[in-house]
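Comments concern the structure below.
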Amino acid sequence: MSESKKMDLKHAIDEDRLFPVQRDSDNGVIPYQLHRNELRRILEKQGKYYPFLLDTFEKNGEQVNKIEGLLTFRVPYFVGPLVEREGMQPSDNGENHWMKRKKSGEITPWNFDKMVDKDESGRRFIERLVDTDSYLLGEATLPKNSMLYQEYEVLNELNNVRLSVRSGNRWENRRRQRLGREEKTLLIRNLFMKGGVVTKKAAENLLRKEYGRTYELSGLASESKFMSSMSSYGKLCRIFGAERVNKDSELMEQIIELQTVFEDKETLLHQLRMLDGLSDSDCELLARTHYTGWGKLSRKLLTTKVGECKIGDDFAPQKHGIIEIMRFEDRNFMEIITDKNYGFPEWIDEQNLGADKKQSLESMVDELHVSPKVKRGIIQSVRLIDDISKAVGKKPSRIFLELAGDIQAGVRTTSRKNRLLELYKNAGLRKEFSDIYDRLEASDDKGLQDDRWFLYYTQLGKDMYTGEELDIDRLSSDYDIDHIIPQAVTQNDSLDNRVLVSRAANARKTDSFAYLPELVEARRGFWQELLDNRLISQTKFERLVRQNDFGRHEKERFVERSLVETRQIMKNVATLMRRRYGNSSAVIGLNSELTKEMRQYLGFEHKNRDINDYHHAQDALCLGVAGQFAVNRGFFDNGAVSDGAANAYNIYLQDYLRGYREKLKAGDRKHGKAFGFIVGSMASADENKRINPKTGEIAWSEADKDYLRRVMNYRKMLVTQKVGDSFGALYNETRYGAAVKEGHDGIAFDKNKADTSLYGGFSSAKVVYSILVELKGKVRLVNITMQEYSMLGDCPSDEALKKVLVAKKPEYAKAKILLRHIPSMQLIHYKGACMTIKSATELNNARQLWLDCDVYNALDDYLKCGTSKSSIDIMQIWDALFDAVNKHYPLHRVEESTLAKARTKFEKLDLDKQLDVLGMIVVALHADPGRANLSLVGLPSEWKRVRSVSFSDDDEFVFQSPSGLFETKITIAELKKAE
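Numbering (the working numbering), first residue to last: 739 to 1717.
This is the structure we're talking about:
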């Protein structure tokens, strides 16, 4: 054999290509029709000798060979798993089962059509896919390509567009005028209804051709085109004609819904043929189209006639739906839905409150348009309120809600660096500002998360007020981020409201919040350049050039935003709370900025989630106290913002301006951070700002502040964790070789590789829960794996449990079961330590680490910044941490001599390594599964890990309510005595 042939064979062996088996995944590239033809030939020849090979079954009125039927059979995706939800165990995930049977019995490929109701299963599949309205709880949303939804998107975009008209050599109302009904109708009929993409240029040309003047459109989501279209309408018109599409709009919407749900052509064709009024040729054409995605709004929300107003040819005000108002008026969706004059907020509230009151908490929360993570948080919050209500003996009279800032935040898909680089390239700025561009290109995206750096590049490296070059090496020391609309007016911390400026620059009038006219005049050209190059937004530009003071309506909006959270999800959660606790409970969604301001006001700005979980309780306390102050001060009336809040707001702003003028006279021009008017009123030296003018009640005092600071620093706060079974895969799916312990002692990959000493295996089986047994006087935990749980079910008998135990170890036949079901994260007191059970072989710390406030702040500084201005040095922090260990962590105590040696080694480390060690200690002392490798200072490499669990009579199990206010304790000794 030649050397080249030997090499080919060797490569074939190495690449597993030698002697390929017939059953191989690579066969998937061969069309199944070839396999079917081969099968038919085999059956034809072998059927003469084995007649059963020729057995048939009926399918669609024809006789089909059974074995061929096996080859071609697929469970339709719209049928789903072949188990009905009604026949499942409570712990099973029935949410993913929707099949409908025609009759009971075994389902096979040959009787599938007789056993399964495919049409009803398909209908359930549609209901399952449809999302729920962001505003109306439980109301099904429209398909994203629905004609109605696409019209809504087009109208919403058109009603946001600004129109500039050119007269001679000048522009009238540049970027100010909205499209009128006539221009809007012209664009829709002549461009959008054609079904294609509508460009900005095409729209401007159509307007010029129709009206004989030059137009410029601005405010589009894209620079060159409209993002919305009426493509579905155009496509249907090409099939049915515009007259029929307009006449049979309901049928057209049904067609689009089916085209959205069913992607398989054959299935879609079957569903279309079930609709009245469609010919076979129509169905064939329609089945070629498949849409994806669902909108956020329902037909009911868009079309129900609620808003009372005069539009079109109305002689007197009449009720109209949102879509009608958008067609005739120049208002966008959010302007309509939030305008109290139309009445939509009240109507939405009524609809949500009038929903089925017998619904379970889980089903009500499931209707909310939020992620599963947020839904779990809402359910836990409700259970917490229920627990507190039980403790105090009555339902809450007032509930304050805060929504985390990232609940509905959009995901930034483009990095800040890439976005800036693209702007510099597209705008032709690369050449003119080459030094800035080069510096930008050399920077990393992490550094640009610092808003000072980002603003530096969006301002072309210049002071926004003076136009002078900014010294990039002194951004943190010599420059401030100033708020265009001051924070005293509204807590708006977005980039559209912030600029990077010199501390010495004075930009504002002394009698209002507007900028000095001479400043606006001098800098307008530069700001316009930034706008034209898309480095700042239209909103930011308009805020900068504004000269008039804020109007009454604007101030009302500022007051409302300062006090309450206006996002729809907050309103929906508030509605859910009122449904549960009654309309007598005032549910108020507060602005999350209040929590930040309260922490600053109280001196608790530091928040480190790695040290402990107390920040959750502290934030809730801050929010509740600020909300209660607002109520006591008279800022709320039946849960809504009162007129008194607006009066107090105006007075607060006047005082703020007065203080600002006095600072200018004294030569203080630093752009300091101001409180909003709620916390600003609490912090004010003027007692009148802290007194309810109607009742004379003092709503806040320094004594209240001192008491609140003491509570914020409590050593013990109730913290509970989610307790429950851990469902999932049968085993941890990491593959280990036989050379390592995890593979040698693991679970076999399959029956052909059962010898783990040879082939290795999976590391461990997935543990669902544990049971507590006593054997020969010793009490221990035994894991129940996912595989064992699948055999036992939810409520196994003692006999079934014993059978599983004996399969693990024969000696368990004599064991006494003390606790039949111990879920993951069950709280226990073990050898004096507060722990949770992860599994039979591992416990986690459940003790929260408390540190003195000054030590906490210094540690937070070191961990986040690598340095601290505090007088507390890093060795004092080490001592404080191990003092806490010796007092509260009995399983993690270190002998005095060993600790002294570790301290000496720690002291000799450089700062970076010291910070690494401190970070690991903090992680290990946190109430979670974390552990620390402290070998660097001579302590264990898995410090904190508890893997050998053996109970004594004094150890106890602690069963807590959701809040921890109620608990039941039972010792091992008591469990032994129980029958």
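Every residue gets a Cβ at the ideal spot worked out from N, C-alpha and C, and that includes glycine.
Test item: CB-CB of residue i and residue j under 8 Å
i	j	result
VAL1283	TRP1265	yes
GLY807	TRP848	yes
SER1101	THR879	no
THR1574	GLN1459	yes
ASN883	ILE994	yes
LEU1556	VAL1506	no
TYR1570	PRO1628	Per the sequence presented here, residue 1570 reads as Gly, with Tyr not at that position. Yes, these two residues count as a Cβ contact at 8 Å.
LEU1601	LEU1656	yes
ILE1061	GLU921	no
ASP1183	LYS1155	yes
ALA1364	ILE1416	yes
ILE977	ASP1014	no
TYR887	GLY933	no
VAL1103	ILE1117	yes
ALA1421	TYR1339	yes
GLY1499	GLY1481	yes
GLN997	LEU1016	no
LEU945	VAL936	no
ILE1560	LEU1519	yes
PHE1465	GLN1564	no
Residue-level contact to chain C via CB, residue i, 8 Å cutoff
i	result
GLU1170	Included in the structure is just one protein chain, with no chain C present.
According to DSSP, residues forming a beta bridge with residue i
i	result
ASN1521	SER1508
ILE1708	PHE1695
SER1743	A question about residue 1743 goes unanswered here, because the residues of the chain that appear run from 739 up to 1717.
ASP1220	VAL1237
ILE1469	The sequence given here places Tyr at residue 1469; Ile does not occur at that position. According to DSSP, which records beta bridges pairwise, TYR1469 is partnered with ALA1503.
LEU1513	LYS1516
SER956	ARG900
VAL1325	ILE1137
GLN801	GLU796
HIS1567	CYS1572 and GLU1694
CYS1533	Paired residue(s): none; CYS1533 is not in a bridge.
CYS1360	Answer by DSSP bridge pairing: none, since CYS1360 is not bridged.
Status (buried if at least 16 other CB within 10 Å, exposed otherwise) for residue i
i	result
GLU753	exposed
ILE780	exposed
VAL1478	exposed
ALA1662	buried
LYS1516	exposed
VAL1687	buried
GLY1050	exposed
SER842	exposed
GLY1044	Correcting the residue type first, residue 1044 is Val in the shown sequence and not Gly. With 16 or more other Cβ atoms within 10 Å, it is buried.
PHE790	exposed
LEU756	exposed
TYR1029	buried
PRO758	exposed
PRO881	buried
Alpha carbon of residue i to alpha carbon of residue j, nearest angstrom
i	j	result
MET837	ARG1026	26 Å
PRO1700	ALA1467	28 Å
LEU1530	VAL821	19 Å
ASN1595	ASN1370	32 Å
HIS1630	LYS1682	6 Å
SER1214	SER1502	52 Å
GLN1525	ILE1485	12 Å
MET739	GLN771	40 Å
GLU1259	ILE926	39 Å
THR1313	ALA1551	55 Å
ASN803	GLU796	9 Å
LYS1034	TRP1191	36 Å
HIS1409	ASP1216	Interpretation of HIS1409 is limited by its pLDDT of 44, a score under 50 that renders its predicted location unreliable; no figure is taken from the coordinates.
ALA1711	HIS1664	30 Å
ASN1235	HIS1221	6 Å
Evaluate the contact criterion for the region 999-1007 versus the region 956-968: three or more CB pairs, one atom per stretch, below 8 Å.
no
The region 1342-1355 / the region 1312-1326 touching (three or more Cβ pairs under 8 Å)
no
Is there contact between the region 1632-1646 and the region 1665-1683, where contact requires at least three CB pairs shorter than 8 Å?
yes
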